[in-house]
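The structure appears right after this line, and notes come after that.
Residue numbers (mature numbering (1 follows the signal peptide of the UniProt record, and there is no 0)): -24 to -1, 1 to 1062.
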């Protein structure tokens, strides 16, 4: 039980507080629970009979510093820098800590870095103020003494009498003013212990600044001062006690005036009439003299006299950058000119072991005899080839002949095992064995009818690249070069080895079409393949060079036991004389397949005699061209309608004599066994037609209407005329009842010719030879030699029929050779590269002129958006040129890949590194280097390199997308359309045309597919997020943080590195997709 006196006192205190609590409750929004907690706080958990320790609501307790009292908990609302129950204890740390400042535990405070003063309220560094800024940056420690918002000063008392009286004890003053409340607070300290304090109200402040002198003044109409009991000057240890004087005499007005000279400390004086009188009477000074240091934390734009700095554009830097970029382009132009003008120099080749290696290449191989039968090919249900058979021996050249559309090229593709679109069937053997496609293609060469070569390379470089890429790995470069020189001399192109291939679209036409033919052949001959296939090797060549090409092939075949197979159209007789074997096709069927020496005798035997003086090759081609017309040979009579008979080979102008002489069918020595009736019937029927259609030169009398064998002839006047039919052919043939003709003797001439060949001894001999080769291979290698199955397994481990082959060069060497070739192609055709560079510099200067000196206001923000949008649109649509990176070399790549030049990965890597990158990295670097200083973007290296990184990654990502589209779309027009639509779609979701927050929810995911969004957002965030934009409207300064504007546009202020990563992922992903498309789609299909 508490004593009655204590209980009465407590009851009185509570009774006195009840009206106040009731009024507070009536005028507040606090709940009953809050009020109850406040009332319980007054009681607290104290020993019985005692009131709370401190309660400013009680008359016995007051708050120092004239602080307010919290009417709900009885605690003092202490000003900054003061704490404790009664606000008499200084706080340490700094103002930046807010309410978490520690109370002083010793004689002085240990202030945070950048702060000073007895209670650490005065800033000394700008960085110290950042903690008080909402954005965490932009703080400024204003130390001129003028109050802007909330000013703090720490002063040393400089009155000599006062410092002398106090001795070692240091007198100090703290002075604080609040502009908005028009109040100031003054504290006097002795040895860091507060003696008395004053509160000044109705204050006005002013400031004047000159060249070297600044002055500030504070005038306050009312002042109240209080002495702290038992403190120095307030009765401590018998010292003077100013309590009554301060409380009764000090009324105001008061002033605080300071002067600062040459940026030093402030010499100040605190004035008040009664206090000045006391000071004057006691020590003779006019007032309390002070030496102060002020510090107020402001945002940098709040500093008095602050003017938003006008960005200083570094004109010399801009001029230097532009000049440097221009010099770079000039250097590129000079370099490409010098490289293109450089003459190739060939030094002496050190033979040493090169002869041996070259001879080893030519001799160390397995001669390959090619056997095939029952070869058929159909496409879309149409039979293109039917039952073709034949043999191609090593050491021999085999010619495939026929009229246009006979299936020569298709048959040659099938023999070379090219990928065909249709269905291929038949039996193919090499030396009597079936060989897998990889092994087979490793020892064959193929020369296309259409020459596909890089126009920027020379003849020697083109052939040398083929040699370097395809000849054995262990074969030295010197030997490969020697092999190239030999082939060039053999084909008669050594004198043009330094000439560019050229093209009709290039700067010059280059070499002729015939020379290109020989270069294409040389690219295959240089590897000395075991089997060499050529499609129309003499097309486009004159007679002399055509003969040289075929003679070179014959030399290769006979001297080095190579198998040479080619298609040919209307060869000259001297070329025909070089043939060893002939395959004659008509409408996909075999008219003849066998030794060429037996060809003419065979056709004479079956009734197709080559007229004297005709080239046998021309005769056979013309014969098969019109072999599809229907004939009936059931009887031997000849119809009278000779006018309806179509043209034949005998209508052709006579050429040089046939290589087989002017023999006739009657004298043929190699006559296959056929029915006598069939032979006579076929021979007489065909001979009769030939005689009727044979045109001969006859003289024509000027006045004779019809020709006659006995007619007169005018000298020099001739015309072609048909010989009249002979009487013997008009007689019916005697019939032998025991020699009946076959039932299928009616049909087209082609049917009769193909049937004749099928039943001939030559066809039988060919079939027997194929079977003998198969049997010999099985005897030599076992019964499984022809059991190869592409699906496996194959357990027979004998040496392949085509030999072991040889190891090709590795991937790294392929990459180096292809990189060198790609680089040559780039600098010898530099217009696209130089155009990119020139446009980048010109547009950079133009854009820099338009957006010169961007300001930090709303128009400046708009201009930044426009600048970044322009840059991305420019680079995005300029990358459409990547659509043609592979388009121009699509056919070249497909054919070189099919012929085993290199792996697709090495070609793609070289193409990307030395063709795509120079056009996608250098232009944004040139453009960004000029635009950045001209437009006045954030002038520091960190922001600049981020800006450049975004531009380069965006350019690479856009180029990778276009590269992928260009590979997938074979048609250039379709590729351009799709590429443009992709860029426009991506541009729509960049964030400039369509606000993120206004985008329909169902379409927001489309923004994740937009490279323009990632590029635009990262550029604008890098530039604006740390800016504060100020705009003047209606006389007011509107200050808006850049981050707030970006958020209103729907941009993520922290997405910079996320966007950069996304751009990198886009670039890498589409490069991988482009390679996959090239690897799987760009495969030869013939």
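No residue lacks a Cβ here, since even glycine has one placed at the ideal position from N, Cα and C. Note that the structure is predicted; figures quoted are calculated from it, not measured.
Candidates the options: closest to residue i by CA position
{"i": "residue 964", "options": "949, 973, 947 and 983", "result": "983"}
{"i": "residue 455", "options": "502, 216, 254 and 1015", "result": "502"}
{"i": "residue 1053", "options": "254, 936, 39 and 291", "result": "936"}
{"i": "residue 582", "options": "589, 253 and 568", "result": "568"}
{"i": "residue 933", "options": "916, 853 and 394", "result": "853"}
{"i": "residue 364", "options": "380, 36 and 403", "result": "403"}
{"i": "residue 562", "options": "596, 550 and 405", "result": "596"}
{"i": "residue 598", "options": "420, 378, 999 and 74", "result": "378"}
{"i": "residue 1056", "options": "874, 498 and 530", "result": "874"}
{"i": "residue 910", "options": "987, 512 and 831", "result": "831"}
{"i": "residue 802", "options": "902, 432, 108 and 252", "result": "432"}
{"i": "residue 375", "options": "509, 464, 449 and 300", "result": "509"}
{"i": "residue 498", "options": "486, 463 and 470", "result": "463"}
{"i": "residue 489", "options": "504, 449 and 513", "result": "513"}
{"i": "residue 1065", "options": "1036, 839, 863 and 815", "result": "Residue 1065 falls outside the range modelled here, since the chain spans only -24 to 1062, and no answer is possible."}
{"i": "residue 1086", "options": "974, 436, 971 and 986", "result": "Outside the modelled stretch of the chain, which goes from -24 to 1062, sits residue 1086, for which no answer is possible."}
{"i": "residue 64", "options": "306, 395 and 95", "result": "95"}
{"i": "residue 448", "options": "542, 341 and 282", "result": "341"}
{"i": "residue 93", "options": "165, 742 and 296", "result": "165"}
Residues near residue i in its chain [Cβ-Cβ closer than 7 Å; skip 5 each side]
{"i": "residue 225", "result": "250"}
{"i": "residue 167", "result": "145 and 146"}
{"i": "residue 1038", "result": "990"}
{"i": "residue 940", "result": "1046, 1049, 1050 and 1053"}
{"i": "residue 393", "result": "413, 416 and 417"}
{"i": "residue 124", "result": "118, 155, 272, 274, 278 and 280"}
{"i": "residue 1007", "result": "833, 834 and 1014"}
Nonlocal neighbours in the same chain, by C-beta distance under 6 Å from residue i, ignoring five residues either side
{"i": "residue 343", "result": "370 and 537"}
{"i": "residue 868", "result": "428"}
{"i": "residue 623", "result": "With a pLDDT of 40 at residue 623, under the threshold of 50, the predicted position of this residue should be treated as unreliable, and no value is reported."}
{"i": "residue 907", "result": "820, 823 and 824"}
{"i": "residue 174", "result": "162, 199 and 201"}
Test item: CB-CB of residue i and residue j under 8 Å
{"i": "residue 554", "j": "residue 575", "result": "no"}
{"i": "residue 199", "j": "residue 176", "result": "yes"}
{"i": "residue 996", "j": "residue 1027", "result": "yes"}
{"i": "residue 191", "j": "residue 184", "result": "yes"}
{"i": "residue 425", "j": "residue 506", "result": "no"}
{"i": "residue 90", "j": "residue 78", "result": "no"}
{"i": "residue 37", "j": "residue 31", "result": "yes"}
{"i": "residue 841", "j": "residue 961", "result": "no"}
{"i": "residue 992", "j": "residue 966", "result": "yes"}
{"i": "residue 754", "j": "residue 367", "result": "no"}
Inter-residue Cα distance where the pair is residue i and residue j
{"i": "residue 747", "j": "residue 546", "result": "33 Å"}
{"i": "residue 390", "j": "residue 400", "result": "8 Å"}
{"i": "residue 261", "j": "residue 139", "result": "13 Å"}
{"i": "residue 955", "j": "residue 818", "result": "25 Å"}
{"i": "residue 946", "j": "residue 114", "result": "57 Å"}
{"i": "residue 1100", "j": "residue 551", "result": "Nothing can be reported for residue 1100: it is not among the residues displayed for the chain, which extend from -24 to 1062."}
{"i": "residue 492", "j": "residue 950", "result": "31 Å"}
{"i": "residue 978", "j": "residue 828", "result": "40 Å"}
{"i": "residue 1066", "j": "residue 928", "result": "The structure shown does not extend to residue 1066, since the chain spans only -24 to 1062, so no value can be given for it."}
{"i": "residue 866", "j": "residue 1058", "result": "8 Å"}
{"i": "residue 143", "j": "residue 171", "result": "16 Å"}
{"i": "residue 73", "j": "residue 1025", "result": "34 Å"}
{"i": "residue 60", "j": "residue 66", "result": "8 Å"}
{"i": "residue 521", "j": "residue 548", "result": "12 Å"}
Cutoff 8 Å; reference residue i; Cβ partners in own chain excluding five residues on either side
{"i": "residue 876", "result": "417, 418, 446 and 784"}
{"i": "residue 1051", "result": "880, 881 and 884"}
Inside the segment 900 to 964 only - alpha helix (DSSP H) runs reaching at least 4 residues: 917 to 944 and 948 to 964
Alpha helix (DSSP H) segments (min. 4 residues) lying fully within the segment 452 to 532: 453 to 466 and 489 to 501
Alpha helix (DSSP H) runs wholly inside the segment 168 to 239, at least 4 long, in chain order: 219 to 224
Start-end ranges of the alpha helix (DSSP H) lying completely within the segment 39 to 90, minimum 4 residues: none
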